[in-house]
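Count the sequence shown with the numbering used here and you get residues 14 to 605, in order.
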Amino acid sequence: MTSQSLPQEGEILLDNVQKGRTPSQTTTEINKVGLHARGQWASKAEFLLAVAGQIIGLGNVWRFPYLCYKNGGGVFFVPYLLFLVLCGVPLFLLETSLGQYTSLGGVSAWRTMCPIFGGLGYASQIMILHGCVYYIVILAWALLYLSYSFQTALPWSHCNNSWNTDACFMFDHHNQTSNVSSLPDNVTSPIMEFWEREVLHLSDSLDELGPISWKLALCLALVWLVCYFCVWKGIKSTGKVVYFTATFPYVMLFVLLVRGATLPGAAQGIIYYLKPNHTRLADPQVWMDAGTQIFFSYGICLGSLTALGSYNKYNNNCYKDSFHLCLLNSATSFLAGFAIFSVLGFMAEEQGVDIATVAQSGPGLAFIAFPRAVAMMPLPQLWAICFFLMIIMLGLDTQFVSLEALMTSVTDLYPHLIRRGYRRELLLLFICLVCFLIGLIMVTPGGLYVFQIYDHFSCSGASLLLLSIFQSIAIGWIYGAERFCSNIKDMTGHKPLLLFKLCWKYLTPAVCTATFLFSLVCWSPLSLGKGLVAPDWATALGWLLTLSSVSLLPIWAIYALAIMPGTLTQRFHRLCKPTTNSQQHIVEDHVA
């Protein structure tokens, strides 16, 4: 009864936009029904820092530099920039301006602008929820490493710890060749034993999950507690926290860059990072790597950009902001490569090996290669603390801003239920607790394998590409690219370049479709490390994670068509137009 008697905030906002009034003028109307005000960013800087914190994360530091090195050095920028222009920037602008125009989160914005594609909003929120479960585990690992970094001697720099085995051996250029004949076949390094035996307590297979590690569980709980208090008051708290979490990593990155540049072997590392190899452009995998890097590092199709843009003032210049933020994101990735590869070059010279043997990406870089390099520097504790603080801050703001985007979408769907009293805070606490409990499976001895399955399937490149294709179709063809350009002009005073209209209608869906098909053709079973390949049952569970989000696209379309009155043609015609109050009530009454 309540859902039918109270007007939805989305209805008020859309009506007033259509009548020429800005969303900020509707605050009085919304307050009349006893809801807490939705709020806006206190300043433009809060919006810019929040988006920067969301899109600039661990992938900029541990994935882009390695892909650049692996895929032809400076030549990799050719496919990277092409995907950036044809997919990255157009979709970034689309999502940010969609949120600003509607003043609604990801789900409500799509249900308002193009109702038949409302499943886009639901799918993106499920992907955020999956991401919240596993992404934060990385921060728990980093926090545990940080706690060990305060010891007199870094525990991964020697073989005298309780967890070390007889196979532990210190590798450096002094003993690399002289003692190689006397080494056992299963020889390992101190950092590998620290990572596998002390941090992860890694089991031999996915079938052996084992007991929960209390140290990692405590770190995971602590990080979740920080995330909760960063988000619990909505953008009032989020907008203030990002001043620190979004800027501090740049301070640490600059410190590590300066330190790395002064190390012996740094120049050789940077040469490896950027040395062009034109023949690599003929390899389709290079283009696939460039495309997936754009989608992963720009936070596209996750609903976060829409939610963050929805708190802007109606006349904010989101057009210019999109260019600036995209430039900052790519520049950060490029700069991080110098910091990372200067240190890897130093480590390669110290060990007397080729840099190809030490260059890694992902967790292997953050928790194996870089800590090993840090242990070889003067004052290793200082550089270890700087590095892991940077990792924690890079991941922390991505985590809590994603959580804020999820809460925005949920509260915009049911403002009459959630924006009263302390219901929002209690709902957030419930979500955090559930995600924490699910995440505990990833701090068991077999947790790394579960983490890899989550990472590979829940927010996979295939899922993001599918959502990108349908987003472009929804705006480019159903809502209308020209109409959307006019909306942006109405907000900013500037009509987007013709290229954006061409991208939304033709180029972006074509490029994403080609990349998606290529990813299916080249699909192979997931490798879990230690010579393990994901078993069939684990792969099946992984595909269920993928389907849990993308399946909502057809499910929502069928559901919306089923409950809309009229002939099938009339239903389809109505659902391809922006929502009116009467149409909104039809859907919401069925949901209620």
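Ideal placement from N, C-alpha and C gives every residue a C-beta, glycine not left out.
Cβ pair residue i, residue j closer than 8 Å
i    : j    : result
C472 : G144 : yes
Y161 : A372 : no
K57  : N342 : no
T647 : V414 : Residue 647 lies beyond the residue range present for the chain, which begins at 14 and ends at 605; the question has no answer from this structure.
T521 : L99  : yes
T559 : A475 : yes
L477 : F308 : yes
T201 : C181 : yes
F531 : P297 : yes
A397 : L71  : no
I149 : W237 : yes
Y332 : H507 : yes
Local conformation of residue i per DSSP, three classes
i    : result
G542 : strand
C181 : strand
T260 : coil
T424 : helix
T165 : coil
T457 : coil
T592 : coil
T275 : coil
T559 : helix
T125 : helix
T201 : strand
L222 : coil
G316 : coil
S250 : helix
W75  : helix
Y148 : helix
K508 : coil
L215 : coil
W54  : coil
Distance, residue j Cα to residue i Cα
i    : j    : result
G86  : P289 : 5 Å
L588 : L446 : 37 Å
P591 : D425 : 17 Å
I368 : S121 : 49 Å
I501 : Y114 : 8 Å
S170 : R385 : 7 Å
E363 : V102 : 41 Å
M390 : L287 : 24 Å
R433 : M420 : 14 Å
G112 : M504 : 12 Å
C172 : A551 : 35 Å
L539 : A50  : 46 Å
S110 : D334 : 10 Å
I151 : P578 : 48 Å
Y462 : L219 : 6 Å
Y79  : G375 : 9 Å
P567 : L233 : 36 Å
S355 : H429 : 54 Å
L453 : F380 : 20 Å
G304 : N174 : 43 Å
L159 : A295 : 42 Å
T319 : S485 : 15 Å
A259 : V423 : 25 Å
D549 : L557 : 12 Å
H586 : I488 : 15 Å
E495 : K514 : 7 Å
L94  : I444 : 38 Å
Beta-carbon contacts of residue i that lie in its chain and below 7 Å, excluding the five residues immediately before and after
i    : result
W490 : K518
Y135 : V120, L565, W569
N199 : A180
M126 : L111, T115, Y492, P591
T528 : M301, G304, L478
F261 : M406
Same chain only: Cβ atoms within 8 Å of residue i, ignoring 5 sequence neighbours per side
i   : result
Q53 : S37, I248, Y324, N325, K326
N73 : S310, N342, T345, S346, A349, L407
Cβ-heavy atom distance, residue i to the ligand GDP, below 7 Å
i    : result
S175 : The ligand GDP is absent from the structure shown, which contains no ligands of any kind.
Residues near residue i in its chain [Cβ-Cβ closer than 6 Å; skip 5 each side]
i    : result
Y467 : Y147
N177 : E206
R584 : L574, M577
L450 : none
F89  : C81
E606 : For the chain, the structure presents residues 14 to 605; residue 606 sits outside this window and is missing.
Original post:
Taking one C-beta from the segment 206–217 and one from the segment 235–247 each time, how about it: are there three or more such pairs within less than 8 Å?
Top reply: no
Original post:
Is there contact here, the segment 263–272 with the segment 345–358, by at least three beta-carbon pairs under 8 Å?
Top reply: yes
**OP:** Count the CB pairs spanning the segment 479–486 and the segment 298–317 that are closer than 8 Å, and state whether there are at least three.
**Re:** Yes, they touch.
Original post:
Pairing CB atoms from the segment 124–132 with CB atoms from the segment 429–443, are three or more of them under 8 Å?
Top reply: no
**OP:** May I ask you to verify whether the segment 216–235 touches the segment 402–416, counting CB pairs closer than 8 Å and requiring at least 3?
**Re:** no
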